[in-house]
Structures are given as structure tokens and as C-alpha cells.
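J.: First the structure, which I've put down as C-alpha cells, then a few questions once you've had a look.
Residue numbers (full-length UniProt numbering), protein chains in the order written: chain B, 1 to 310; chain X, 1 to 310; chain Y, 1 to 310; chain E, 1 to 310.
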């Protein structure tokens, strides 16, 4: 009989010698509960990742601020050169000239170039020609990043809030449910469920890869109930609710899919802790058929009913 | 003897407890016949997917309308500021000033900037500088999406309208034919055929993955006849035409390929219902050889001739 | 003893009932020798593929011509509206006015907008505002395609002109050699060799997948000699040079690799006909070591020397 | 008992008939120590690869220089045509006119188009219209490449400086450690370790693929210790430190991962020479748990302590 492969958990740095219960390695939103220390700023930084992951508001604030600061810098340069070397500057005070130079800079860096203000001498021309080149490059980056953010693939899989232990054929099964709420198709969906439990009389944790009833579907139009059959060679065979709680069990889920809108692979992650498992409950059927075809009530994803376990 | 794996169909939410025959899970164009209910607008929406999938006409109408509305908004702003703070506005009526402001806005947002109209005071300059920044960002998105639409990979595989049951070696086979009508190469083409049939004396459906004579080809220059040999362990072994109709059979096809033009994976889907299967017909040879080489008559993809079944 | 899997060649439409010898399914440059007939223009066309695959000269000619024609069209529109509604048009003859309108159009569509010519009335403004919008969209497409062409991944694998039959361990082997002449890395290189031979006393062809000494390498810095060992279960076991010629043998090679510069998979194809195989020759060693390290003389890729076959 | 597959090393052109010890095939930074000779310039060149791989400073210098040279060329053209055919050129000397034409060219190629200088006659208009078209195309390429560089995926895996031979279960193991210092997630991480050793009494080298305790992890949040168990069928079973040095052993590591920020596969390469292996040392635990959760001290990646070998 093939036993489930037991893997040492500590070599991944996810947990080791945890003094107490209640640890969650993977958060519900797919982020990991591990901090990295003593990584130099240079090693850690990943500008592209930061810019692509930040909220839209922050992105636009940084963009707007950058635009403002660059125009301040170039307005200062035009003032140093002397606004008498720009046509169409009529301000007599320094502050008025600065404002006019500021907007001339804005017209130059966006390559708008109304021309009511224009550079006259060599220095002003050099600054303006440099600014327009810089503008093209910076806006290429900014707009590229904006489109990159907009077209970034992301898995939109929604998980049932709880998992259940329900009868499955002659035995029981660990089950949870996922839906694809979006209209885009997910194809070749692969699911991977790992169990992390505390080793008996030890601070260390063991890490098991769980066998699934089905670990891959070719298409995933709406909903999928993922089942780990608790057969004799399952690491949770014979365990009761209180055992899972004691062992501080965590079921770590990673789903991979090909998203047809983005033509790219996307990954989704979530986890279920022992406290998030309902024993002796079964997920309700969501599919319904009327004259207009089949429909799935996604809002009832968490609906369960009581059943007797095998 | 290895039996075909029978998979419960209902866990995918494609069909369950269907009260009658005549249901099609997958349409000929690859879309699914399942509606999703009670998905919040926020969860459902996928702007990128919508914009990339809509028809070109709709895309250009939205773009044109957006351009029009934004110019209306900014023209109003310039009017609120007062068109006396723009050079080159000669209109004396509000409506004339609005029209001139509208086109000034258009010249600003596209960074065209003729300069025959130009902002004079602080407020007009702020609006114009903001508009040109906004213009760069919005046009980056619009043109990015346009290019994204244009360069979006899509599988262009054409399916034979009908499938056939024809002799295959000593037994019979379920066969259909696909062609690649385009000039681009499809590589590593993988095909996956699933059968959905009604369970006897039940509303539920069973779902089988069908074994194929060949499920992958390294290159696919023109045409491929895909064959499921109806051997003893086929789920349709021994079934007759009327049985397949009774069981409301549906053969669901998913084809994956690497498209060399787009350097990306593409997926194509279609299905054959029991009514779309011709029994005792065979596909005609399409390849022909003359002095200028081999040619395939793609127009004859549906041509069949009668044969005796084994 | 596992026999090589024999596959029917005709279901791929590559060849069937060929009346004579001398047919080549795959050209040396990786294109296929099969024409498709009766494909409607709409089905066949793939604008993206055409634009991305055409030679650079053709691409620039089409671009330049398009720019010229669009300016002709818009210049005509401005003339119909009347050039008196544009400032700065001084031409008195129709032809002069057309030329000035033509360049005004060019300044508008590129969003250059000098402003020495500018629209005055409503009609001219509408045309100019539309033209600048159109310009942004068209140039986004044109420049996107230009960058798409430039950054398109392509396999740059170079094949030895001939293949050889040389001793390999206790038996003989069919061998050819590939090099990566570029400085970019190819990773996870997979090779696939298929043999197409005429069936005895028949016009049909058989298609075999050949077993290789090694069909995948993790990295491919310079050169690789690909070997098909002619063991007892090889389809060419016991065949002589004249047999391969009689059977009009063709060895079809498909190589897949991950190109690190483009971060994408690339495919390369080629083929060897019976005439392009040297019997009793072995490829010369190309690697040489001196104080500055190892070097490979890529220019000697085709160098062979005579050996006795097993 | 399955023996490790021994592969001939020379067919990859990585080394052959090396006259002495001390050769490194793969550098620590993942580049290969093999030169290619007699590759024609045309075959070798890969402009995209060069531009995407060069340092940022070089990229900007080339860009700036290109901008300068193109403006010189077009300024010369305007001078040949005669600056009297441009409005707003006030220079009386050739040098002044050239400078003004230079900046007019800069305003044209960036589509800035202030308009204080503008073309008047046919020739000047043709040059300006051509220049603005060229500008759009060249800047599309330049800014596309800039964004391509910025968004290029790269594996940021950090390797322990040394590898160790440490006890592993009842035997010993060859171990090294990798960390992901960045905040982006790496998924489906696959590792591949190959050993290259000199053949006894020969100049040739043998090449082994090493079996690993675990060769793939689904997610890789922080750190991973990769272990090759030195079992009886390991090619280094029974070898001592001096044997590995004698055989000039090199352990070549290739890691593949899916980078979630870039939604693409990335590869990382490194190698360990016999001199870089510490015998009888074990890597220190880096994970630590306090009230704020788990943390990994990445700075201690190289920390080892002495242990007795089995």
C-alpha cells in the first residue's frame, strides 16, 4: 500500500519549533505569514513588482506627484537660464515667471507644445529638447506600467469560507468548494492541497501532499468541489475534530489555471485551519435547471446541510 | 483490463438533475450554457476581459464616445474659468466659445497643441496641464487595449460540422475532423474528448474521458482526423444510434495548441451532440498530389461516404 | 520487446497516395509543403500573423504608403471644407493649397501640431480633432506592431547540412548536429524526430516517432549532437542507404526551447531526406581548450570524417 | 537497483579532452565558460537580446547619442534646403542657423512642435513630415525597449556561497541552500542538479543527473535546502573530499520557477566546484518564531556548524 509521502516541513522555512498552537502559514488572501530579515534593500527591492502590485490610488498619486516635481525641477532650470530667453513669458515677478515656466515645462514634457511659450537661446533649447526626450521616456514607462497593471492576469477564484468533512462513497472526505465568479474562462485547472500538522511531542511540523479525487479539470466554467478521500493511507485517517485542532492542522491550497482572457497562467492560494472545518456537513447543490438552461447560484457557495459521517 | 475512468459530472456544476433531454453543455462556438446567479457586480466584472472580447465596432464606439464626453467635460471647465483666459478664442456667444473650447480640449488631450488657442491664466494652465497628463494616460490605455485586442491569440481551428461512427481497424471508431485554415503554425496540439451521458433511471449525468488513437501531434499543418476507438472498454461500446440519443450524449472537445505567430498557448472548444453523429459514414480523403506538391481541399472537410460498420 | 509505434501518416494530411518519390513534407526552413485549397479569404486571413511575419522592407513600405494615403485623404477633406478655414494657408492655386493641407494633415495625425496652420471653423476643427484621434490609434497599432516584430521570439538553431549514420556504442546511430549561434541562452531544449517512409507496394506513407539517446537537455550553451540509436526496434534497423532512398525517407525534426531573452518558448523545424545522409561518416569534435578556456568552432559544424560502421 | 544515468558530457560541447584540472563550465552568475568561434556576425547578432541585457547606463547613453545624431542629420538636411524656408529662424551665421535647425529637428522628432519654427516650402515640409513619422516609430521602439527592460522577468534566487556534505537520515547528503530575497512569489519551483567529473585515466568528463530528496516545491516563500542523498547509487557514493578535488567535480544547478509578478517562467543557474564544498558541516536553522509570527534571517544563509558524518 502506497503511503502518503511525508515531507519535512522545516526545509521550506515555513515553520519550525513553533512554541504554541494557532499559527497560520498561509493567509486566506494567499500571502505568507513569514517575514524576511537581514535582506539588503538592494536585494529586496523589486520596483516592477511594487509598482504593479500597489493600489490604483497610490499609483496615481505617485504619478501625479512625479509629474509635479519634474515640472518644478525644469521650471527652476528655465528660471536659472532666465525667462527672458523664452518667448511669451509676461510675468514680471519671479513667482509669476516660475508659474509660467512651470506650465511651459508641462507643455514640453507631455510633447503638447502649444508654442505660445517657446525657447529662444541655446541653453533654453537644450533644456527643452532634453525635457521632451525625458518626457517621452518617462511617459512610456508610466503608461506602460499603467497598461501592465490593467492587463495583469490575476486568479479570481472564490473559495468557500469553510471546508467540510462529509461522507464520500464508503468513507469520508475532506471537501471545499471553489467558484469562478468572472465571465472569463479558466482552463486546465490544477489543484494542489498540502496538510501541515504538528508532530507529536515535538515543536516541528510535518507536511503532507494530499491525494485528491480529481486534481485537474480541463475546463472550469463555474464551480468545483474538491475532495480529499480520507482513505486508510490519508494522514488524517482516523483523526477526530479535536485531534486536528490539537495538531494545529492547516490545509494549504494552491490552484493553477490558464486564464483565456490574459492568455497566461494564474495562481490562486488559500488555506483552511482546523477551526474552519465543519464536521458532518455536506455542500448543497447549487445547479438548477429551468427552461432557459442551467444556472448556478454562486451566492450559496457556503451553504451546507448536516449529514451522518461514515 | 483498464476501465475508462467514470467521473461524477455534477461536481463541475455543468448539469445535474436535468428534467428532460436536449441539453447542450457546451455550444458550438465554445461558450458554456451555464448562467451564474447572485454574483455581485464587483466580483463578476472583469474590465480587461470585457474590453478585449467586445466586437471592434463596440470598442470604437466606446472610444469615440469617451473622447467626445471628456472633451465636453473639459470644454465646460474652460468655460467656467472663462474663455477670456485662453488666447485665440474669438467666439462671442457662449455656444461658439464652447465649441472653440471643445476643440482646444481635443488639441490638448491628444497633445496635438497647435497653439492657435493656448491657456493664459493660472486656472486655465492647471486644467490644460492636467488634461494633457490625463490624455497621455488614457490614450496609453486605449491604444494599449487596441493593440492587445489586435495581438490577442485565438485558436482558429475549424471543426467538421458532424462527427461519424466509422470502421476503425477491426472495430469501429468515433471520429471528427479539424483543420487549421490559417497560415500560422499550430504546434504541440493536444486534444481532449469528454463524453457526457444521462445515467440510467436517473436525472444525473456521467462524465467520461475518452481514449483517443492519438491525443497529441507535434505539428498540425493542415488537417487532423481525431479518432476514439470504440473498444470493449469504451463507454459507448455496444451502444446504438438510438441509445446515444436516449442518453442525450454530448461529446465535449477541448483542443490546446501553441500558436507560433503569437508565441502563446491557445484553446479551442466545441461539442457534438448525438444528433450530430452520422453512423456508417467515413470522412473522404482531402489530400491530393500534383506536380506542384500536396494540397488539401479544406472546403470538403464535411464530405463523407457510406461504409459498412464492423 | 517494445516496438516503435507506427502511426498512420495520412490523418495529418501531410501525404497520401504519392505517385512517385522525391517528395519533401517539411522544407529546410521549417515551412510545410502543403497548400490549402478552398479556404475562404475571411477564414484564411490572419492580419497579425501577416504583419508580424513580412520582411522589414515590406513593413516599412506599407507603413509609409499608409501614411501617404491617409494624408491624401485628409488633405482632400480640408480642401472640400475650404482652405480659407485654416489659418496660415497661403497657396493660391488648388495644387498649392492641397500640398499645404497635406502637410497640415501630417502635422495633425502625428500630433506634431506646429500651429502655423490651424483649423478655424467648425468643420475643419471636427476633421482635425478626428484626425488626431485616428492618428493616436493608428500609430499605436503601427508602433505596437513594430515593437511586436522586433521583440518576436524566434528559434535561431542552426542545423548541420547533412545527417550521418555513424557507429554508436555497439550498434550504429542516425546523427545530426545543432548549434545555438546566438549569445542568448536556450533552456529545456526538447527534440522530436519523426521518420516518414513509403509503405512497401503502396502509395501510402508510414510515420514513426524515433527514440533518441537523449531527447531533452536542461541547457544548451553551444552544440548538441542528436543521436537515434539504430537498435533492433528502430524502423530503419537493417536498412541500407539504397533502401532509405527507395523508401523516400524523410527525417522530420522539431525542436522546442525556452529562450531566456524573450522569456518565451520557441520552436524550430527542419528535415533530412535520404539523400542528405552520409553513411559511415562521423562528426568531428569542435571543442578545443586553451589557456583562455573552452571554445567551439561553430564554422566546422558540417565537418565529418570517414569511419567503419558496425 | 536503478543506477544513475551516466551521460556523455562531450556531446553538449561543454568540455572535452581538458588537459588539466580547474575548469569551471558554469560561472556563479549563470553564464557559461564556452566561447563560440567562426560564427558570422549576422548569425551571432541578436539586437533585441543585446539591448535588453545591456546595463541601464549604456542603454541611456546609446539612446541619448542616437537622439543627438539624428538631430544632427536632420539639422543638416534643413540647412541644405535652406533655413529661409523655415519660419522663425533668426540666426545669420551658418552655425547659428544650424543650432536653430537642430532644435527645430528635436521639436519635430519628439512631435513636440512648438511652432515658433515651422516649415514653409515643399522640401522642408517633406523632411519635417518624414521626421515626425520616423520619430514616432523610433520612439516607439526606444520606449518599448525601455519598458521591455523594466518588465523583463529575472530570477532573483540567492545561493549559499558554499555547499556542504552533511548527515542525512542514515547516510550523508550533498546540500546547498537557496533563498528568494524579493517580495514577489515564486511558484512551482523545479531544481535540477548535474554533476560533471573527470573520467579516470582520461581527459574526458562524465555528466550525471543527481537524484534529489525533493526536486519541486509548489511555493517557495523564503528558503529551501536542496539535498542530494548520497545513497549507494549516487555517483559520489564512497568518495572523499580529495577524490572530488582530483576529479575536478562541478555541481551544476538550474532552477526554474514561475514568477507571479511577471506571470512568466524564470530560470536561475549556478554551480559549486569541489573547492566550494564544506565536509562535515550543516546549515544552521534560520527560522525563528516570536509573537509577531515566523521570520527568516536571510543574512545567515551561509551559516554552518560542524557535525559528524555518517
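A virtual CB, placed ideally from N, CA and C, is assigned to each residue, including glycine. A quick note: this is a predicted structure, and the numbers were derived from the prediction, not measured.
What is the DSSP secondary structure of residue 201/X, reduced to helix, strand or coil?
T.: Correct three-state label for residue 201/X: coil.
J.: Taking the alpha-carbon positions, what's the residue 142/X to residue 279/B distance?
T.: Taking the straight line joining both Cα atoms gives about 51 Å.
J.: If contact means a Cβ-Cβ distance below 7 Å, which residues of the stretch 175-198 of chain B contact chain X?
T.: Against chain X - using a Cβ distance shorter than 7 Å - the residues of the stretch 175-198 of chain B are 181, 182, 183, 184, 187.
J.: Starting from residue 165/B, trace the alpha helix (DSSP H) in both directions and tell me its first and last residue.
T.: No alpha helix (DSSP H) holds residue 165/B; the beta strand (DSSP E) holding it covers 163-168.
J.: Let me check understanding here. Comparing Cα to Cα, which of 246/B, 78/B, 251/B lies closest to residue 123/B?
T.: Closest by alpha carbon: 78/B.
J.: Output needed for residue 237/B: all residues of its chain with C-beta closer than 6 Å, excluding positions within five of it in sequence on either side, in chain order.
T.: Same-chain partners within the cutoff: 230.
J.: Flag residue 65/B as yes if its beta-carbon sits less than 8 Å from any beta-carbon of chain E, otherwise no.
T.: No - not a single Cβ of chain E is within 8 Å of the one on residue 65/B.
J.: Ignoring anything shorter than 3 residues or poking outside the stretch 216-261 of chain Y, list the beta strand (DSSP E) runs there in chain order.
T.: Those beta strand (DSSP E) runs which fall completely within the stretch 216-261 of chain Y and span 3+ residues are 216-219, 223-229, 250-259.
J.: Quick check on DSSP: helix, strand or coil for residue 144/X?
T.: Residue 144/X: helix per DSSP, three-state reduction.
J.: Could you check whether the Cβ of residue 315/Y sits closer than 8 Å to any Cβ belonging to chain E?
T.: Because chain Y is modelled from 1 through 310, residue 315/Y falls outside the range shown and cannot be assessed.
J.: Out of 139/Y, 111/Y, 132/Y, 101/Y, which has the shortest C-alpha to C-alpha gap to residue 121/E?
T.: The shortest C-alpha separation from residue 121/E is found at 101/Y.
J.: DSSP three-state label for residue 272/E, please.
T.: Residue 272/E falls in the strand class under three-state DSSP.
J.: Can you have a look at residue 267/B and say buried or exposed, based on whether 16 or more other CB atoms are within 10 angstroms of its CB?
T.: Flag for residue 267/B reads buried.
J.: Comparing the C-beta of residue 111/Y with each C-beta of chain X, is any distance below 8 Å?
T.: At least one chain X Cβ lies under 8 Å of residue 111/Y.
J.: Hey, could you find the ends of the alpha helix (DSSP H) residue 213/Y is sitting in?
T.: Counting along the chain, residue 213/Y falls outside any alpha helix (DSSP H), and DSSP gives it neither H nor E.
J.: Just reading off the beta strand (DSSP E) that residue 174/B is part of, what are its end residues?
T.: 171-179 is the extent of the beta strand (DSSP E) around residue 174/B.
J.: Does the CB of residue 115/B have a neighbour CB from chain Y at under 8 Å?
T.: Yes, its Cβ sits closer than 8 Å to a Cβ of chain Y.
J.: Please compile the residues from chain X whose C-beta is within a distance smaller than 7 Å of the C-beta of residue 143/B.
T.: Neighbours of residue 143/B on chain X, chain order: 136, 137, 140.
J.: Would residue 107/B and residue 88/B be called neighbours here (beta carbons separated by less than 8 Å)?
T.: In this structure, residue 88/B does not lie closer than 8 Å to residue 107/B by Cβ.
J.: Measure the Cβ-Cβ separation of residue 178/Y and residue 226/Y and say whether it is below 8 Å.
T.: Yes, the Cβ-Cβ distance between residue 178/Y and residue 226/Y is below 8 Å.
J.: Could you give the DSSP three-state label for residue 69/Y: helix, strand or coil?
T.: Residue state, collapsed to three classes: helix.
J.: For the stretch 64-83 of chain E and the stretch 208-223 of chain Y, state whether three or more C-beta atom pairs, one from each stretch, are separated by less than 8 Å.
T.: Because the criterion of three Cβ pairs below 8 Å is not met, the stretch 64-83 of chain E and the stretch 208-223 of chain Y do not touch.
J.: Look at the Cβ atom of residue 111/E, then the Cβ atom of residue 135/E, and state whether they are nearer than 8 Å.
T.: Their beta carbons are under 8 Å apart, which means residue 111/E touches residue 135/E by this criterion.
J.: Should the stretch 187-195 of chain X be called in touch with the stretch 45-53 of chain Y, which here means at least 3 C-beta pairs below 8 Å?
T.: Counting Cβ pairs under 8 Å, fewer than three are found: no touch.
J.: Suppose you measure from the CA of residue 13/X to the CA of residue 205/X; what does that come to, to the nearest Å?
T.: Low confidence applies here, because residue 13/X scores a pLDDT of 46, under 50, leaving its location unreliable; read the following figure in that light. Spanning the two alpha carbons is a distance of roughly 11 Å.
J.: Is residue 210/Y close to chain X, meaning its C-beta is less than 8 Å from at least one C-beta of that chain?
T.: No, because no Cβ of chain X sits closer than 8 Å to the Cβ of residue 210/Y.
J.: Would you identify the three-state DSSP class for residue 76/Y, choosing helix, strand or coil?
T.: Helix.
J.: Under 8 Å Cβ to Cβ from residue 260/X, same chain only, skipping five residues before and after it: list those, please.
T.: The answer, listed in chain order, is 184, 185, 186, 187.
J.: Report back the beta-carbon spacing between residue 281/X and residue 249/X to the nearest angstrom; my notes put them in contact at under 8 Å.
T.: Actually they are not in contact, since the Cβ atoms of residue 281/X and residue 249/X sit about 17 Å apart, beyond 8 Å.
J.: Assuming residue 176/Y and residue 160/Y make a contact with CB atoms under 8 Å, what is their CB distance in whole Å?
T.: Confirmed, Cβ separation roughly 5 Å.
J.: Residue 86/Y by DSSP, collapsed to three states: which one?
T.: DSSP places residue 86/Y in strand when its eight states are reduced to three.
J.: So for residue 294/Y, helix, strand or coil by DSSP?
T.: DSSP places residue 294/Y in strand when its eight states are reduced to three.
J.: Relative to the C-alpha of residue 149/B, which residue among 60/B, 97/B, 53/B is closest?
T.: The shortest Cα separation from residue 149/B among 60/B, 97/B, 53/B belongs to 53/B.
J.: Who does residue 149/B pair with in a DSSP beta bridge?
T.: DSSP lists no partner for residue 149/B.
J.: What residues in its chain sit with their C-beta under 8 Å from that of residue 5/E, if we drop five residues either side in the sequence?
T.: Annotation note: pLDDT 47 at residue 5/E (below 50); position unreliable, no value reported.
J.: Straight-line CA distance for residue 195/Y to residue 58/Y?
T.: In a straight line, the C-alpha of residue 195/Y is about 37 Å away from that of residue 58/Y.
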